[in-house]
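Reading through the structure tokens given below for one structure.
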Amino acid sequence: MVQRINVAVIGATGMVGQNYIRLLANHPWFEVAYVAASPQSAGKPYAEAVAGRWHMPSDLPEPVRKLVVGDANDVEAARGKCALVFSAVSLEKQATAALECAYAAAGLPVVSNNSAHRFTPDVPMIIPEINPGHLDVIAAQRKARGWTTGCIVVKSNCSIQSYMTPVWALWQAGYKPRTLVVATLQALSGAGHPGVPSLDIEGNVVPLIKNEEEKTENEPLKIFGRVENGVIVKDGSIAISAHCNRVPVVDGHTACVSLKFADRAPALAEIIAIWRAFKAAPQELALPMAPERPIIYRDEPDRPQPRKDRDADKAMAVTVGRLRKCNVFDIRFAGLHHNTVRGAAGGAILTAELMRARKLI
Ligand code: NAP
2 MVQRINVAVI GATGMVGQNY IRLLANHPWF EVAYVAASPQ SAGKPYAEAV
52 AGRWHMPSDL PEPVRKLVVG DANDVEAARG KCALVFSAVS LEKQATAALE
102 CAYAAAGLPV VSNNSAHRFT PDVPMIIPEI NPGHLDVIAA QRKARGWTTG
152 CIVVKSNCSI QSYMTPVWAL WQAGYKPRTL VVATLQALSG AGHPGVPSLD
202 IEGNVVPLIK NEEEKTENEP LKIFGRVENG VIVKDGSIAI SAHCNRVPVV
252 DGHTACVSLK FADRAPALAE IIAIWRAFKA APQELALPMA PERPIIYRDE
302 PDRPQPRKDR DADKAMAVTV GRLRKCNVFD IRFAGLHHNT VRGAAGGAIL
352 TAELMRARKL I
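Residues 2 to 362 (the working numbering) are what the sequence shown spells out, left to right.
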């Protein structure tokens, strides 16, 4: 049996932070022992700090109700209370980057939902089913920065999660992608709370999510990249064009993808077989948060749909459907994932489990 370790959530009172608190309740490996947020929340019991703004569907877990919220900027306060930090603070980018480095320098591994370090060359951006090997860069990260037990690992933007694993599964099977065009239909919860004003989104679609297309086009290149001389070198062989849209859906990001392969394209039946058989490190290691089947292919012609498919396999699976030939590229399909679980806190918890299994925590 794996011994439970104490973990901290910084930014614990926010939308992503609350999802950590919800998903970590009764986690077999991790126990929330420390929570921190802005100076405005510091000093209050957690239940009081989130009173009137607890947005989760389940009740506040009993063990965290009385935890006194710390100031996330006070790194020393976390020392001795936890062996791992989940970071979901909302600060200006440079301040976030510096704060996460300070926690790592204090000996604490940091798993972050923030974008601040996504393109720091020696910081791995992990989707556990795709690039678990990028965790190898941590040894060089620690050495270069003089950190001993501390380190920084980030997760990607939620916009890319609906198609990355299906594309990777095909690549793994020998069908390398070359060009990908994706239109995302992104849920409201991706914008945090209270998010987009209801009068802007009710019965409407907004064809702009600030900076989202750049992230959607660039983050996959790092995730598909390789570790070389202590840094992650981006993959330069795949080109992505993205259209990111905000739609009036509460949870669940959909991606409509057209894909061209570098060489020959597999038959549609073979693609479905590859997706259905795909398993990776989280499944082989039986990590607690891992979905049994990371890719679920649905044969019904009108799936996936956010309401019906976002909660598949603990809300950690990617559901794919509508695979068909493309008149311009090789194939087309629709993918869907739960953006606040797989796409945010759940994906980060899975990454931390992978780090624990690999003795990095
Ligand atoms: P949020 O609801 O606004 O929560 C922000 C959190 O940061 C709160 O706990 C807040 O504490 C804390 N905070 C605010 N100002 C602070 C300060 N000056 N010092 C210390 N703590 C401070 O934001 P969110 O939607 O949860 O998003 C959190 C972060 O995750 C953002 O950077 C966001 O971009 C990122 N994010 C990532 C993903 C993903 O991984 N895919 C998805 C969504 C969001 P108080 O409650 O005390 O103000």
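Backbone N, C-alpha and C define an ideal beta-carbon position, used for all residues, glycine too. The model shown is predicted, which means the values in this text are computed figures rather than measured ones.
Distance cut-off 8 Å: residue i Cβ against heavy atoms of the ligand NAP
i: Ser199; result: no
i: Leu337; result: no
i: Lys328; result: The identity of residue 328 in the sequence shown is Asn, whereas the question assumes Lys. No.
i: Asp252; result: no
i: Pro125; result: no
i: Ser157; result: yes
i: Gln41; result: yes
i: Met290; result: no
i: Val76; result: no
i: Ala73; result: yes
i: Met57; result: no
i: Ala349; result: yes
i: Ala256; result: no
i: Ile11; result: yes
i: Leu85; result: no
Identity of the residue in the options nearest residue i by Cα
i: Gly44; options: Ala52, Pro58, Asp72; result: Asp72
i: Ala48; options: Asp300, Val69, Pro167; result: Val69
i: Ala107; options: Thr149, Cys245, Ala38, Leu351; result: Thr149
i: Ser91; options: Asn205, Ala38, Ala270; result: Ala38
i: Val183; options: Arg359, Phe334, Leu269, Gln4; result: Phe334
i: Ala79; options: Glu214, Gly18, Ile11; result: Ile11
i: Ile272; options: Arg308, Lys315, Ala240, Asp331; result: Asp331
i: Ala274; options: Ile139, Ile297, Gln19; result: Ile297
i: Leu85; options: Lys144, Val154, Leu269, Pro64; result: Val154
i: Leu24; options: Pro110, Val65, Glu203, His244; result: Val65
i: Ser59; options: Asn246, Gln19, Asp314; result: Gln19
Where residue i sits in the DSSP three-state scheme
i: Ala316; result: helix
i: Ser116; result: coil
i: Met356; result: helix
i: Ala38; result: strand
i: Gln284; result: helix
i: Ala243; result: strand
i: Ala52; result: coil
i: Gly322; result: strand
i: Tyr164; result: helix
i: Ile233; result: strand
i: His339; result: coil
i: His254; result: strand
i: Cys152; result: strand
i: Ser190; result: helix
i: Pro133; result: helix
i: Ala184; result: strand
i: Asn212; result: coil
i: Gly366; result: This structure cannot speak to residue 366, because the chain is shown only from 2 to 362.
Inter-residue spacing [alpha-carbon to alpha-carbon] between residue i and residue j
i: Pro305; j: Asn340; result: 14 Å
i: Thr185; j: Val342; result: 17 Å
i: Leu200; j: Val206; result: 11 Å
i: Gly81; j: Asn7; result: 10 Å
i: Gly231; j: Gly322; result: 38 Å
i: Phe120; j: Lys223; result: 8 Å
i: Gln142; j: Cys152; result: 7 Å
i: Pro249; j: Tyr176; result: 35 Å
i: Lys67; j: Ala13; result: 13 Å
i: Thr320; j: Arg299; result: 7 Å
i: Val329; j: Ser242; result: 14 Å
i: Asp303; j: Gln95; result: 43 Å
i: Cys102; j: Trp172; result: 34 Å
i: Val259; j: Cys327; result: One detail in the question is off: residue 259 reads as Ser in this sequence, not Val. Those two C-alpha atoms are separated by around 7 Å.
i: Pro125; j: Glu220; result: 11 Å
i: Leu337; j: Pro292; result: 14 Å
i: Glu285; j: Ala174; result: 17 Å
i: Leu100; j: Pro110; result: 13 Å
i: Tyr104; j: Thr97; result: 11 Å
i: Arg308; j: Met317; result: 15 Å
Closer than 9 Å to chain C by CB, residue i
i: Arg304; result: The question asks about chain C, but that chain is absent: this structure has only one protein chain.
Close beta carbons around residue i, own chain, < 8 Å, minus the five adjacent residues each side
i: Ala349; result: Tyr21, Phe87, Val112, Ser113, Asn114, Lys156
i: Gly196; result: Leu189, Ser190
Residues near residue i in its chain [Cβ-Cβ closer than 7 Å; skip 5 each side]
i: Cys159; result: Gly191, His254, Asn340, Gly344, Ala345
i: Gly226; result: Ile233, Val234, Lys235, Asp236
i: Trp276; result: Pro167, Ala170, Ile296, Tyr298, Val321
i: Thr180; result: Ala240, Lys261, Phe330
Close-in-space but distant-in-sequence residues of the same chain around residue i (CB under 6 Å, 5 per side omitted)
i: Arg311; result: Asp252, Gly253, His339
i: Ile202; result: Pro249
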